[in-house]
Each structure stands twice: as structure tokens, then as C-alpha cells.
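Okay, structure first, notes after.
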Amino acid sequence: MDKTKNAPAADAPAPAPAGRVGPKGVSNLSQAHYRLFFWGIAGLLVLVFGASLALGRYSIPFFDSFKIVLSRIFPIPVTWENVPDAVVMDLRLPRTIAAAVIGAALALSGATYQSIFKNPMCSPDLLGVSSGACVGAALAILAGAGSFAVQLGAFVGGCLAVFVTVLIPRLMRNESTTVLILSGVVVSSFMGSIMSIIKFVADTDTELAEITYWTMGSFAAVKMETMLPVLPTILLPLAVILLMRYRLNVLSLGDNEARSLGINLQATRGAFIICSTLISASCVCLAGTIGWVGLIIPHVSRMLVGSDNKKMLPIALLLGSVFMVLIDILCRTITAAELRIGILTGIIGAPFFVAILVKQNRNMR
Amino acid sequence: MILDVKNLSFRYGTGRTIFHDVSFSLDKGEVLSILGTNGAGKSTLLNCIANLFRPASGEIYLEGRAMSKMKMREVAQVVGYVPQIHTPAYAYTVREFTVMGRTPYIGAFAKPSAADYEMADAALERMGIYHLADKAYTEISGGERQQVTIARVITQQPKMILLDEPTAHLDYGNQYRVVQMIKQLSDEGYALIMTTHNPDHAIILNGKVAILNREGLLSVGQAADTLDHETLSTLYRLNIKTVYDEDAGRNICVVC
Chain A
1 MDKTKNAPAA
11 DAPAPAPAGR
21 VGPKGVSNLS
31 QAHYRLFFWG
41 IAGLLVLVFG
51 ASLALGRYSI
61 PFFDSFKIVL
71 SRIFPIPVTW
81 ENVPDAVVMD
91 LRLPRTIAAA
101 VIGAALALSG
111 ATYQSIFKNP
121 MCSPDLLGVS
131 SGACVGAALA
141 ILAGAGSFAV
151 QLGAFVGGCL
161 AVFVTVLIPR
171 LMRNESTTVL
181 ILSGVVVSSF
191 MGSIMSIIKF
201 VADTDTELAE
211 ITYWTMGSFA
221 AVKMETMLPV
231 LPTILLPLAV
241 ILLMRYRLNV
251 LSLGDNEARS
261 LGINLQATRG
271 AFIICSTLIS
281 ASCVCLAGTI
291 GWVGLIIPHV
301 SRMLVGSDNK
311 KMLPIALLLG
321 SVFMVLIDIL
331 CRTITAAELR
341 IGILTGIIGA
351 PFFVAILVKQ
361 NRNMR
Chain B
366 MILDVKNLSF
376 RYGTGRTIFH
386 DVSFSLDKGE
396 VLSILGTNGA
406 GKSTLLNCIA
416 NLFRPASGEI
426 YLEGRAMSKM
436 KMREVAQVVG
446 YVPQIHTPAY
456 AYTVREFTVM
466 GRTPYIGAFA
476 KPSAADYEMA
486 DAALERMGIY
496 HLADKAYTEI
506 SGGERQQVTI
516 ARVITQQPKM
526 ILLDEPTAHL
536 DYGNQYRVVQ
546 MIKQLSDEGY
556 ALIMTTHNPD
566 HAIILNGKVA
576 ILNREGLLSV
586 GQAADTLDHE
596 TLSTLYRLNI
606 KTVYDEDAGR
616 NICVVC
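Chains as they are written, first to last, in this note's numbering: chain A, 1 to 365; chain B, 366 to 621.
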């Protein structure tokens, strides 16, 4: 080891400051780097958002689609017909908003779980929220309920599953993170079994098909009226996580280190789990289960701006939106029949994730 | 007194008692080295004082206040903790890692301010490792990581610093440098407690020594009086002699 590196601890009683290698305070370079990515991806989001309004089986000129949306706010002379107006406002705008919000929300709750569980391989459904939501929705479908009740069932099921997961370590009087993860695995697997029972008793022609399609996820059925009640339970926790995101850095050091730095572990971790659960359950109830986003996007964001959650979370938020809107565009353009979103995130996500891992490992060597 | 430990005992759940009737106190500028065999409960005792484990009975007083009645962040403003060297899951930069020492002073919805970053930079400079500030914490050596963690604890501005086997996993030279660093921190007025497997380090520090024996009892004394042939031989079940060395100006432990 270089001797100068250890100079202070050796003989010198008052160590002379080593030569400065960078500007004092937060490095200006990395700050500029972050701003570049932030605004770059924000610009990209505007582009794909517009593309999402314009593209589909009924194609609309790019700028017309923008004008149609803006005409609701600003007085713009109407130069288009009724059909494109209806397509944009009633079909594409709601689903694009839903895709953007859900992409951002899933990426953020994935990043949150990865920090509090100190494992970059965690996904938002680690504590059983998705499997619980599926059971809730499937039960509602089995009961012959309408689409609102299915939404509600998914939300309640997801929250209940996480509640049980959090309850088990309490019963064991062991609050360690490892026990919590283990408990999540147990609850997810249990919910999976219940799901099998439901599928087994469901009518194969109607209910089973509906349950199966529902679990594949889709933005096609999203309407403004069904989306609005769910948005607060996504956007509020999202804001809380963003505000508290510095604490994620400290939590990711491990239970004991976080506590020795003055963090009230149970309260802080609890707040993050509640927020993430509300987000995930709301997303599932809006568009079904959508995998991979919560895993891939935080990874890519970390590669772009580093692990610091102060920078990583806003990037993951924007990137999640861009990714999800893009996938949704692909869903309705690559084949004549619309593909389910969960299928494409898996088919694109899995190989993409492998590519990231391979690249990361190369860089490490 | 910064620290007063009164009749402390600890056991895991309903299992065997690790230690009992532990009492001692520590003032500013004092160093306490805790010696004991593997599994004797040195780290457990340190974790109790760090507010990480809840003792089965007894009480710890920080500057006269009962720790069990203090909030986590209040304790963290008095007690700093340097865990054993490990690799975190995420590659934070050394500066980001160091500034986390400010956490007990930062509100739940706030981020570290420019002043916090300046304190972190000052601590890195004081440790002579400012050149590492923009490096990833996961990619520096074990010795450097130890120094960064000490810089973080300085950033935390505690009155007392606890170090869990600070010399473990370090090469011979770095072990000595860390011990010197600890001595220097005590000269600056910090109270320090460290656990160690090397009685020579306790002799170099020349402060208080606490020996946790196999029965879970703690005896505290001055290093110069306590660490003799009889005590060390009983503790480690070996024939250990202490020899005075003119050049070093202190006793040295030798296994015969």
C-alpha cells in the first residue's frame, strides 16, 4: 500500500492535508453529469409520450396529437376531425398517462426495496404484493364482480399479503431483514397455491380466461374514470419516497449501521414498505401484474448516475416512464392483435437484464 | 462522565447469559480496550453500549441520561460506531459514504447540506484520504475502508467512539497505524472503546483495559497494572510473558 495514504495514522501528530484532487463539496462534474441525464431523459419522455398518442392502428400526425391534448387547455383552432380527437382523448391519453405513471411508480418502488433489503436483485413484489393482488382480483372475478370490484380486490389482496408478511417476523420477535425476506417468500408461495385452487375451480371458458388475461397486465382497458381514484394512492406515496430518499442510502448500509447513525429502523423501514406497497398494489389494480420494470430500471439508472439514491431515484422515475410508454407502444403496434404488457416486459426485460449483468461483470474485471 | 454502565447483563432470548453485573465508566479522553476470548461476548457488550442490543437488565447512562429513554438520533449524537470492515451492497462514493455520518442531524425529509459535505471533506482531509473522495467505497482497500469509516464517525461528531475489532483484517503496518489513530483521537478528547484480540494494542494505548472472562464477568483496570503474566495466561490458557523493551518503551507480550 502507498505510504502516503496512511500518513495521518503513522507518526505525524497533526496530519497535513493531502493535496486536493477535486473541488470542495459535491463534485461539480458529477452534478453536471446528473443534470444532463435528468433533462435528456425528461426530453425523451415528452417525445415517447407524443409518439404514444400518435401511433397505433389509427395513426395520427405527431403534432396533431399534441394539439388535440393542448386544445383542452389552450384555445387552439380545431383543424382535425372528430375521430382522431376521440382516439387521442378517450383511448390513447388515459393509457399513456397510466403507462407513464405506472412505469415510474414500479421503478421507484423497486429501487426502494433494493435499498432497504440491501440487494440489487429485489423486485417490488418481494413481500408478496403481486401474488396477493392476483388472488384478490381472481376472487373478485370468481364472484362475478365488475371491473371496479376487481380493482378493489387486487388492491386489498396486495395490501393484505404484505401485512401478513410483516406480521410474521413480529410473531417471531425477530425484526431482522433476513426474516422479513423469508416471510415474503413464504407468503408469495402460499398465495401462489391459493391462486392455483382458484384457477382449478374457475369456469375454464369464461372465468379462467379472464383471470389469466388479467394477470398478464394491460393498459388497453384504462379509462380516465377508473384511473383517477387510483392515482392518489400512487402519487402520494411516490412523493413521500422521493422526499425521504436520502434515508435509503443509510438504510442500505445494513440494520446495525443505520441504527448506529440514529435511524429509527422500524419506523423508517415501515414507512418505505407502506409507501411501496400502496404503489405496487395500486399499479396491479390498474393494469395487472407487470414484471421486470422494478428490477431493470433501477439497474440502468445506477449505471448512468451511480448508486446514490439522491440522484438515482429521479432518474429511475423518468426512465421507468419512458420504458413503460415505449413497451405499451410496441404492444399495440407490432401485431394486429394487441399484445399483453406483461408478456413484452418479460420478453424484452429478461435478455436485457442478462446483457446488463454481463456488461457489469466485464467492467468489474 | 460520558459513559456510565451500571450492572449490565445480556442474554439472547431465553438462552445462556453472555455477561452479567458489568459496571464501569469512561470519561472524555479515556480509552478502554475490551479483551476476551472468541465468543466471550466482547462485541455483544459493545453493541449494547452502541444501542444496537437491548440489555436484559441494568442501565447505560450517557452524560447522565439513561440511554433506554433516549431516541435513536439522540444516542447517535453522543455515540459513534465503527463496525468491522465490510463491503456494502452499493458502490457509494467515499464522500457520499462519509457524509452519512451527518444523518443524526438531518431531518427525515432533508438531504445533507453543503455544510455537511464540507464537514465530510474536512474529516477525509484530516485522515489524509481526501484523494479517495470520488472513488467508489467498494473499490478501495480494506485499510482505506477502515480509514473512511473513521472519517465518517468524525463527521458524526460524537463524544464517544466505539470500534469493533478495528485491527481485524488489516496488515501488520495498518494495525499499528489504526492503534496510533485511536490514541490520537483520545488526545483530542473523544472517549473510545474498542474490542481487540491483541493485548499489545491495549498496552500501546496505555488506557483502561476490560477483560471479559469465560464466566461473563468483566474486570476493569489500568493497562499497565492489569496486563501481566498471570492475567493473560489465565485468559488465553497459554503461558504468556510480558517483557519490557527499551526501544519500544513498553511491555511486549510473548507466548512461551
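The beta-carbon is built from N, C-alpha and C at its ideal position, and this holds for glycine as well.
- Look at L557/B here: in three-state DSSP terms it is strand.
- Assignment of beta-bridge partners to V293/A by DSSP yields no partner.
- In chain B, no part has a C-beta under 7 Å from the C-beta of D205/A; the shortest such distance is about 48 Å.
- At least one CB atom of chain A sits nearer than 8 Å to the CB of M465/B.
- The criterion of a C-beta distance shorter than 8 Å is satisfied by I315/A and V305/A.
- Per the Cβ contact rule, the segment 184-192 of chain A is in contact with the segment 120-128 of chain A (3 or more Cβ pairs under 8 Å).
- By the criterion of a C-beta distance shorter than 7 Å, Q449/B is surrounded in its chain by D529, E530, A533, once the five residues flanking it on both sides are discounted.
- Annotation: Cβ neighbours of E257/A in chain B (cutoff 7 Å, chain order): P448.
- Contact check between the segment 466-480 of chain B and the segment 259-266 of chain A: three or more CB pairs, one atom from each, fall below 8 Å, which counts as touching.
- Think of a sphere of 7 Å around the beta carbon of M437/B: the chain A residues whose beta carbon falls inside it are R259, G262, I263, N264, in chain order.
- Here K573/B is buried: its Cβ has 16 or more other Cβ atoms, across all protein chains shown, within 10 Å.
- According to DSSP, residue pairing for K118/A in a beta bridge does not occur.
- Beta-bridge analysis with DSSP links N616/B to Y609/B.
- Judged by DSSP secondary structure, M525/B falls within the beta strand (DSSP E) whose first and last residues are 525-528.
- Within 10 angstroms of the beta-carbon of T458/B lie 16 or more other beta-carbons, which makes it buried.
- By alpha-carbon distance to E428/B, the top candidate from D392/B, K436/B, I526/B, V544/B is D392/B.
- Within its own chain, the residues whose Cβ lies closer than 8 Å to the Cβ of I367/B, once the five positions on either side in sequence are excluded, are L391, D392, K393, L427, E428, V443, K524, M525, A556, listed in chain order.
- Secondary structure of T335/A (DSSP, three-state): coil.
- In this structure R376/B is not in contact with A415/B, their Cβ atoms being roughly 18 Å apart against a cut-off of 8 Å.
- Here the C-alpha atom of V166/A lies approximately 7 Å from the C-alpha atom of L180/A.
- Under the three-state reduction of DSSP, N372/B is assigned to strand.
- For a Cβ distance threshold of 8 Å, residue set R259, S260 of chain A lies close to N416/B, ordered along the chain.
- Between I356/A and T345/A, the alpha-carbon positions lie close to 15 Å from each other.
- Flagged as an interface residue toward chain B: S252/A, by a C-beta distance shorter than 8 Å.
- Taken atom to atom, the span from the alpha-carbon of R438/B to that of D90/A is near 51 Å.
- Listed by position along chain A, the residues whose Cβ is nearer than 8 Å to that of Y555/B form an empty set, because the closest Cβ is around 15 Å away.
- Y537/B does not reach chain A, its nearest Cβ partner there being about 12 Å away, counting only Cβ pairs nearer than 7 Å.
- Contact check between the segment 268-276 of chain A and the segment 99-112 of chain A: three or more CB pairs, one atom from each, fall below 8 Å, which counts as touching.
- In this model, F62/A and I68/A are separated by some 10 Å (Cα to Cα).
- Considering only F272/A, F66/A, P351/A, the residue with the shortest C-alpha distance to A51/A is F66/A.
- Counting along the chain, no beta strand (DSSP E) covers F190/A; the unbroken alpha helix (DSSP H) around it starts and ends at 177-201.
- For E428/B, there is no enclosing alpha helix (DSSP H), as DSSP marks it with neither H nor E.
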